[in-house]
Amino acid sequence: MSDVPFPHRREFSRVPVHLRVEVFVAGVRLPEGTMESLSLKGGFFRCATPPAEGARCDIRLHLDGTEIEVHTQGHVVRQSADGSAIQFDEIVGVDSLEHLRNLILFNAHNPAQVEQEFHDHLGLKPGD
């Protein structure tokens, strides 16, 4: 028996969302779809023609009713008939990081936990 109570615990909280998203693979824009779950590390992209596992992606999340865009780059870690799980490798720009963080906080069941995850993650801390 393991001493770790939850050996498969996610690094970041996942929140339900329904965002319009543009995904580009090898410079080609895929048919528009929606991001249906989101974390600081990735999300689930639902569309009619999901990108294949391993595909490198340029992702642009759009917040309805605003001109706010969250720009990330990542790759597909899992693909199914109705969508793809995309892991973010880079959040492009400080504004995108801040918008993504706020979006997750706003939709989180436990905002304090999300704040702690953000605080604890070295890759998200500003450099010296």
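All the letters of the sequence shown, read from the start, carry residue numbers 0 to 127 under numbering that gives the first Met the number 0. The beta-carbon is built from N, C-alpha and C at its ideal position, and this holds for glycine as well. Because the structure is a prediction, the values reported are computed rather than measured.
Check, Outcome
"Coil, strand or helix - residue 55 by DSSP", "strand"
"Member of 104, 33, 18, 54 whose CA lies at the smallest distance from the CA of residue 81", "33"
"Whole beta strand (DSSP E) elements within the segment 14-62, 3-residue minimum", "14-24, 32-38, 41-45, 55-61"
"Whole beta strand (DSSP E) elements within the segment 76-103, 3-residue minimum", "82-90"
"Member of 68, 64, 117 whose CA lies at the smallest distance from the CA of residue 58", "68"
"Beta-carbon separation (whole angstroms), residue 50 vs residue 18, contact threshold 8 Å", "Going by Cβ atoms, the distance from residue 50 to residue 18 rounds to 17 Å, so no, they are not a contact pair."
"Reduced DSSP secondary structure (H/G/I, E/B, other) of residue 74", "strand"
"8 Å contact criterion, which residue 87 and residue 40 should meet: CB distance rounded", "6 Å"
"Closer than 6 Å: residue 106 CB and nearest the ligand HEM heavy atom", "Looking for the ligand HEM in the displayed structure turns up nothing, as the structure carries no ligands at all."
"Straight-line gap, residue 99 to residue 76 (C-alpha atoms, nearest Å)", "20 Å"
"When 70, 113, 95 are compared against residue 23, the one with the closest alpha-carbon", "70"
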